[in-house]
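Read through the structure below, which is laid out as structure tokens, and then see the notes.
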Ligand SMILES: [Ca+2]
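Numbering (my numbering), first residue to last: 15 to 512.
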């Protein structure tokens, strides 16, 4: 009897194994042209051997009409029955974040990614020049279309549909996740959103304002990058202990009241050790965020005190160069921000903070992931975990804070919101990851527990790790104990440790 049970069990597991094995090359013989919302063509399918910690998988490449490129990595065996959709970054334009699938893949997920409908570097937007379809794909269509394609390919590869479909992404990827919850709430059962760009078109104003803040009328830098550590040190000295811990992290930078004039040069003082009045003006401008000539704040999400070490090179170029956002932010206005693209000859100095913000409604309509009405996503059982670094200079942290608070008001209060949406604010963390604060959290496990077991994340353990690979790198869980430098328990906003 016992032998029979073992025999039966092993036969059962063998058949299960067979059912879970991705049928890789046979996928190329299948027709995906009829996938709803996503006429799909596969281009290649290849077996990739197991290597190191990465399992063997089937690598599938293809596109959705017109030009939404996609890739899937399908584990050959031990598929966990689920899909993970990996988001992109910047202006996307390639499958550059496919490597961030590897954590999910090693857990048994079939993982996929899209280039968002065009070919480019992550920092250029020429592809969008007079290209409205490209903008539609980038801002909202490609993620939805690729998800439909991916679900169909996974179904064909394993002979059954995924039991759960999840999404994870940061920056542009965070925006993709919010757009999914807002506009395509049926696409994903659970969504992880990091530092979402495009909660408001104001994100573009932030880029251009902060790129110009430290340039004089001739376009030369007002303050050199070597003044920044002095400012950072003064802010930390003033505000580190407000949260009760002198640890180099400012838990809630909204409580830090710092004015650059505190570092003003006194008569006779060596200007290397203080700020000139022009430099005080530049620093105040960075903190203030975009305002028009009437003094009206155009975007309330501004760089926070404590973010100063991350101002170079994005707001203040190293070695007297133009700051990074002069170029990255410039492309937004050259090719995306307006209904009619001003094109390659447009310069950031051409932006008029009175005339031009009202012209950005066209982009806002495509871009903004700001709709607080998440009723459809909540009703279908969707769960949303968001996180944001307080030191972020690319996506100012108060954008997602404002969005979360707006959702609370629209969805009926804190408790009814916490039932399906939680935000985790990370002290001392840069854009998506990195910085002195702990930024790495096992968010996939947290999402699985919430969606599959009904266990909401009442806290998350964040870790700072050695040699963090940064915003583009893959970090697999569980973390290696020797790699962990610092941990911190993070509670859902607005709760804070005492
Ligand atoms: Ca502190």
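Backbone N, C-alpha and C fix where the C-beta goes; we use that ideal spot for every residue, glycine too.
Using the Cβ count rule (16 or more neighbours within 10 Å means buried), how would you classify residue i?
i: residue 368; result: exposed
i: residue 394; result: exposed
i: residue 480; result: exposed
i: residue 445; result: buried
i: residue 123; result: buried
i: residue 276; result: exposed
i: residue 283; result: exposed
i: residue 503; result: exposed
i: residue 251; result: exposed
i: residue 332; result: exposed
i: residue 472; result: exposed
i: residue 507; result: buried
i: residue 458; result: buried
i: residue 2; result: Since the first and last residues shown for the chain are 15 and 512, residue 2 lies out of range.
i: residue 522; result: Here the chain comprises residues numbered 15 to 512, so residue 522 is not present and cannot be evaluated.
i: residue 392; result: buried
i: residue 11; result: The shown model of the chain, from 15 to 512, leaves out residue 11, and the question about it has no answer.
i: residue 54; result: buried
i: residue 57; result: exposed
i: residue 377; result: buried
i: residue 21; result: With a pLDDT of only 49 at residue 21, under the threshold of 50, the placement of this residue in the model should not be trusted, and no figure is reported.
i: residue 30; result: With a pLDDT of only 41 at residue 30, under the threshold of 50, the placement of this residue in the model should not be trusted; the figure read from the coordinates follows. Looking at its Cβ environment, which holds fewer than 16 other Cβ atoms inside 10 Å, residue 30 is exposed.
i: residue 309; result: exposed
i: residue 48; result: exposed
i: residue 320; result: buried
i: residue 272; result: buried
i: residue 494; result: exposed
Quick check: does the Cβ of residue i come within less than 7 Å of any heavy atom belonging to ligand 1?
i: residue 254; result: yes
i: residue 261; result: yes
i: residue 264; result: yes
i: residue 257; result: yes
Considering only the alpha carbon of each residue, which of the options lies closest to residue i?
i: residue 151; options: 106, 375, 175; result: 106
i: residue 267; options: 477, 341, 404, 485; result: 404
i: residue 243; options: 141, 58, 480, 286; result: 286
i: residue 199; options: 181, 212, 246; result: 181
i: residue 232; options: 253, 264, 363; result: 363
i: residue 466; options: 67, 77, 95; result: 95
i: residue 196; options: 246, 472, 385, 454; result: 385
i: residue 351; options: 380, 49, 340; result: 380
i: residue 398; options: 271, 289, 468, 353; result: 468
i: residue 46; options: 76, 145, 376; result: 76
i: residue 326; options: 304, 306, 300, 348; result: 300
i: residue 418; options: 437, 410, 470, 411; result: 437
i: residue 4; options: 138, 161, 321; result: No answer is possible for residue 4: it lies beyond the span of the chain, which begins at 15 and ends at 512.
i: residue 360; options: 353, 49, 345; result: 345
i: residue 396; options: 462, 204, 483; result: 204
i: residue 412; options: 279, 439, 426; result: 439
i: residue 144; options: 470, 246, 355; result: 355
i: residue 347; options: 373, 39, 323; result: 373
i: residue 184; options: 261, 494, 254, 400; result: 400
Verify the CB distance criterion: does residue i have a CB-CB separation below 8 Å to chain D?
i: residue 299; result: Within the model displayed, chain D is absent; a lone protein chain is all it includes.
With a threshold of 8 Å, are at least 3 pairs of Cβ atoms found where one atom belongs to the region 188-200 and the other to the region 310-325?
no
Across the region 287-300 and the region 226-234, are there enough close Cβ pairs to call them in contact, namely three or more that are closer than 8 Å?
yes
Spell out a yes or no on whether the region 445-456 and the region 169-179 are touching, meaning 3 or more CB-CB pairs, one atom from each, closer than 8 Å.
no
Taking contact to mean 3 or more Cβ pairs, one atom from each stretch, closer than 8 Å, check whether the region 151-163 and the region 197-217 are in contact.
yes
Is it the case that the region 98-114 contacts the region 125-143, given that we only count it when at least three CB pairs across the two stretches are under 8 Å?
yes
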